[in-house]
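> Add 1170 to a position in the sequence shown, counting from 1, and you land on the number used in my numbering. For each residue, glycine too, the CB sits at the ideal point set by N, CA and C. All values derive from a computational prediction rather than experimental measurement. Once you've had a glance at the structure underneath, I'll fire off some questions.
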Amino acid sequence: MNTPATPLVNPEVLDRIRDWRGYAEAKLGFRNHWYPTLNSSEVAEGKPVPFELAGEKLLINRIDGKVYCIKDQCLHRGVPLSRKLECYSKDTITCWYHGWTYQWADGKLCDILTDPSSKVIGTRALQTYPAQEVQGLVFVFLGDTEPTPIGSDLPPGFDEPNRRVQPLRRLVNANWRIGAENGFDTTHIFIHKDSRLIRGNQTMLPLGFAPKPDNTEPLFEVRHTEGGNIGIFDLLAERGVPHFEGSVHGEVVRRAIHGGDKRIANEISLWMPGVLKVDPFPDPELIHFEWYVPRDADSHWYIHCSTKLVEGPDGDAEFAAEYEALWKDIYAHGFNDDDIWAREATQPFYQDDWGWLEEQLFEADACIMAWRKLASEHNHGIQHARRRG
């Protein structure tokens, strides 16, 4: 059993945060939640693949079509099993060092090749993690409890019938919370002012939004999915004022690029345990989803998915071809690359935790504060640094 180690977050900082302490503490993310990891296509039959999730090293394998996940660490001397993969039967993995052999299904130590009569055999087990495939992604339940239904950690519409997904996973050198807040930050669209998506897709995008001076309604709304997930809807675009010109000392110094009349990003929402939905985006026929999956304290997996409802036997192939020919360039890279470097530029300010106290937010950040509070109240556990064993 893993045992929590000393919290990663500065205790003095935590003591000064009240309304969203749990979120501040979750440098490695939340425990007892489902997270996407690898693409299904990356996990071939009988070919284990290593993956690091929330500070834990995992091995993911496919056996008779079903995916399994096991801790990537031999119980004997703690070496990574992935250092030299040895599988002498399809349902087991053997440590290359001393021959300790484990079952994929339950982690049970079933044999020791160097001492078949050892009394230790059958008395120990590696931790296993439930794994399930949804829309071409392998989801892993990172936890110790009975897994919740996977729908309780999916954003609305992601598993909709006939919705097809084109995922792209990238490693970003910033904490997962920096990623989530970047994606949900209404006024961060300023960094996209030169994106080639705007002109290349005949899109309209303002420089930013501001709350209406006479607005008395909340700038966010908490909603639930039928599957049991909870998230925040950003209503600033609806209840605010878009700005297409930026002025310094009264002189216009910047104007938004009007690529055309296409309106996108009408609804933006952020769901537990850290997944953004932008509907529609980057085109009226598409919906964008992106996960901020903690890798370790200072990096996260950025898994963004372009999705589309398709019909007919050729729908999948047509959308895949459309994504490769157009969207992967002007949207996945031409737009979302901006977010990656913005997150990595933000990371040093928050890396020692003092940034959570030193930041100076403004009115448009109300949704970010609402997200922090919601995540603190509705997570299923905090992922701490894990000790050996």
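Could you give the distance in angstroms between the alpha-carbon of Lys1260 and the alpha-carbon of Gly1216?
As a first step, residue 1260 must be located in the sequence shown, where it is residue number 90. As a first step, residue 1216 must be located in the sequence shown, where it is residue number 46. The straight-line gap from Cα to Cα measures roughly 6 angstroms.
> Taking only the alpha-carbon atoms, compute the straight-line gap between Val1183 and Glu1195 and give it to the nearest angstrom.
Locating residue 1183 in the sequence shown gives position 13, where the first residue counts as 1. Locating residue 1195 in the sequence shown gives position 25, where the first residue counts as 1. Each residue's Cα considered, the two are about 9 angstroms apart.
> Please classify Phe1519 as buried or exposed, where buried requires at least 16 neighbouring CB atoms within 10 angstroms.
For this step, residue 1519 is matched to residue 349 along the sequence shown. Under this definition Phe1519 is an exposed residue.
> I'd like the list of long-range same chain contacts for Gln1302, defined as Cβ closer than 7 angstroms, with 5 residues on each side in sequence excluded.
In the sequence shown, the residue the question calls residue 1302 occupies position 132. Excluding sequence neighbours, Gln1302 sits near Phe1309 and Ile1320.
> With a cut-off of 8 angstroms, do at least 3 Cβ pairs link the region 1424-1433 to the region 1325-1333?
Because the criterion of three Cβ pairs below 8 angstroms is not met, the region 1424-1433 and the region 1325-1333 do not touch.
> Please name the residue in Thr1264, His1246, Leu1245 and Asp1185 whose C-alpha comes closest to that of Lys1254.
Residue numbering aside, residue 1254 sits at position 84 when the sequence shown is read from its first letter. Among Thr1264, His1246, Leu1245 and Asp1185, the Cα nearest to that of Lys1254 is on Thr1264.
> Considering only the beta carbon of each residue, do Gly1416 and Leu1377 sit closer than 9 angstroms?
Here residue 1416 refers to the residue found at position 246 when the sequence shown is read from its first residue. Here residue 1377 refers to the residue found at position 207 when the sequence shown is read from its first residue. In this structure, Leu1377 lies closer than 9 angstroms to Gly1416 by Cβ.
> Tell me whether Trp1270 sits in a helix, a strand or coil according to DSSP, three-state version.
For this step, residue 1270 is matched to residue 100 along the sequence shown. DSSP places Trp1270 in strand when its eight states are reduced to three.
> Which same chain residues, not among the five before or five after Asp1189, have their C-beta less than 6 angstroms away from its C-beta?
Taking the first residue of the sequence shown as position 1, residue 1189 is located at position 19. Excluding residues within five positions, the ones whose Cβ falls inside 6 angstroms are Lys1543.
> Are Gly1353 and Gly1429 touching if we call contact CB-CB under 9 angstroms?
Your numbering for residue 1353 matches position 183 in the sequence shown. Your numbering for residue 1429 matches position 259 in the sequence shown. No, Cβ-Cβ distance for Gly1353 and Gly1429 is not below 9 angstroms.
> Using 8 angstroms as the threshold, is the region 1219-1231 in touch with the region 1333-1345, meaning 3 or more CB pairs across them?
Judged by Cβ distances under 8 angstroms, the region 1219-1231 makes no contact with the region 1333-1345, as fewer than three pairs qualify.
> Expressed to the nearest angstrom, what Euclidean distance is found between the alpha-carbon atoms of Glu1351 and Ile1361?
Position 181 of the sequence shown, counted from the first residue, corresponds to residue 1351. Position 191 of the sequence shown, counted from the first residue, corresponds to residue 1361. Their backbone Cα atoms lie some 14 angstroms apart in a straight line.
> For Leu1341, report the span of its alpha helix (DSSP H) as first-last.
Numbered from 1 along the sequence shown, position 171 holds the residue referred to as residue 1341. No alpha helix (DSSP H) contains Leu1341, which is instead part of the beta strand (DSSP E) from Arg1333 to Val1342.
> In three-state DSSP terms, what is Asn1385?
Along the sequence shown, one-based indexing puts residue 1385 at 215. It is coil, neither helix nor strand.
> May I ask which residues mark the beginning and end of the alpha helix (DSSP H) holding Trp1564?
No answer is possible for residue 1564: it lies beyond the span of the chain, which begins at 1171 and ends at 1559.
> According to DSSP, is Asp1185 helix, strand or coil?
Numbered from its first residue, the sequence shown carries residue 1185 at position 15. Of the three classes helix, strand and coil, the one that applies to Asp1185 here is helix, per DSSP.
> CB-CB under 8 angstroms to Lys1236, same chain, minus the five flanking residues each way: which ones, in chain order?
Working through the sequence shown from its first residue, we reach residue 1236 at position 66. Once the five neighbours on either side are set aside, Lys1236 has no close Cβ partner at all.
> Would you mind reading off the limits of the alpha helix (DSSP H) that contains Leu1544?
Sequence index remark: in the sequence shown, residue 1544 carries index 374 (1-based). Ala1536 to His1548 is the span of the alpha helix (DSSP H), which, as asked, contains Leu1544.
> According to DSSP, simplified to helix, strand and coil, what is Gln1302?
In the sequence shown, residue 1302 corresponds to position 132, counting from 1. Note: Gln1302 maps to strand in three-state DSSP.
> Can you grab the Cα-Cα spacing for the pair Leu1479 / Tyr1205, in whole Å?
On the sequence shown, residue 1479 is found 309 positions in, with the first residue counted as 1. On the sequence shown, residue 1205 is found 35 positions in, with the first residue counted as 1. One C-alpha to the other measures close to 23 angstroms.
> State the start and end residues of the unbroken alpha helix (DSSP H) segment that holds Pro1518.
In the sequence shown, counting from the first residue as 1, residue 1518 sits at position 348. Where Pro1518 is concerned, the enclosing alpha helix (DSSP H) stretches over Asn1506 to Tyr1520.
> Can you grab the Cα-Cα spacing for the pair Ile1473 / Val1463, in whole Å?
On the sequence shown, residue 1473 is found 303 positions in, with the first residue counted as 1. On the sequence shown, residue 1463 is found 293 positions in, with the first residue counted as 1. Spanning the two alpha carbons is a distance of roughly 8 angstroms.
> For Val1213, is the classification buried or exposed, using 16 other Cβ atoms within 10 angstroms of its Cβ as the cut-off for buried?
Here residue 1213 refers to the residue found at position 43 when the sequence shown is read from its first residue. Label assigned to Val1213: buried.
> Asp1486 and Gln1517: beta carbons closer than 9 angstroms?
Counting from 1 along the sequence shown, the entry for residue 1486 is found at position 316. Counting from 1 along the sequence shown, the entry for residue 1517 is found at position 347. No, these two residues do not count as a Cβ contact at 9 angstroms.
> Can you give me the Cβ contacts of Asn1506 inside the same chain, cut-off strictly under 7 angstroms, excluding the 5 residues immediately before and after it?
As a position in the sequence shown, residue 1506 is number 336, starting the count at 1. His1474.
> Identify every run of the beta strand (DSSP E) within the region 1432-1510, keeping only runs that are complete inside it and at least 3 residues long; order them along the chain.
Taking only runs of at least 3 residues, the beta strand (DSSP E) segments lying wholly in the region 1432-1510 are 1437-1441, 1445-1449, 1456-1466 and 1469-1479.
> For Gln1572, tell me which candidate among Leu1279, Leu1228, Leu1208 and Arg1366 has the shortest Cα-Cα distance.
This structure cannot speak to residue 1572, because the chain is shown only from 1171 to 1559.
> CB Thr1298 to CB Leu1279, shorter than 9 angstroms?
Working through the sequence shown from its first residue, we reach residue 1298 at position 128. Working through the sequence shown from its first residue, we reach residue 1279 at position 109. No; because the gap between Cβ atoms is not below 9 angstroms, this pair is not in contact.
> I'd like to check one pair, Trp1270 with Leu1245: are the Cβ atoms closer than 9 angstroms?
In the sequence shown, residue 1245 corresponds to position 75, counting from 1. In the sequence shown, residue 1270 corresponds to position 100, counting from 1. Taking 9 angstroms as the Cβ cut-off, Leu1245 and Trp1270 qualify as a contacting pair.
> Which of the three DSSP states, helix, strand or coil, is assigned to Asp1323?
Counting from one through the sequence shown, the residue named residue 1323 turns up at place 153. Helix, per DSSP.
> Less than 8 angstroms between C-beta atoms, sequence neighbours within five positions excluded: which residues of the same chain meet that for Lys1432?
Taking the sequence shown and counting its residues from 1, the one referred to as residue 1432 is at position 262. So the qualifying residues of the chain are Asn1371, Gln1372, Thr1373, Met1374, Asp1453 and Pro1454.
> Classify Phe1390: buried if its beta carbon has 16 or more other beta carbons within 10 angstroms, exposed otherwise.
Start at 1 with the first residue of the sequence shown, and residue 1390 comes out as number 220. Buried, since its Cβ has 16 or more Cβ neighbours within 10 Å.
> Mind reading off the beta-carbon distance from Ala1540 to Ile1402? Whole number of angstroms is fine, and I expect it under 8 angstroms.
For the purposes of this step, residue 1540 is taken as residue 370 along the sequence shown, with counting starting at 1. For the purposes of this step, residue 1402 is taken as residue 232 along the sequence shown, with counting starting at 1. Sure, about 5 angstroms apart at Cβ, within 8 angstroms.
> So Thr1357 and Ala1534 are in contact, right, with Cβ under 8 angstroms, and what is the actual spacing, rounded?
To locate residue 1357, count along the sequence shown from 1; it is residue 187. To locate residue 1534, count along the sequence shown from 1; it is residue 364. Correct: roughly 5 angstroms between the Cβ atoms.
> Excluding the 5 residues preceding and the 5 following Trp1266 in the sequence, name in chain order all residues of the same chain whose CB lies nearer than 7 angstroms to its CB.
Residue mapping note: residue 1266 aligns to position 96 of the sequence shown, counting from 1. If we look at Trp1266 and ignore the five residues flanking it on each side, its Cβ neighbours are Arg1253, Lys1254 and Glu1256.
> To the nearest angstrom, report how far apart Phe1459 and Ala1435 are at their CA atoms.
Here residue 1459 refers to the residue found at position 289 when the sequence shown is read from its first residue. Here residue 1435 refers to the residue found at position 265 when the sequence shown is read from its first residue. Roughly 12 angstroms separates the two Cα atoms.
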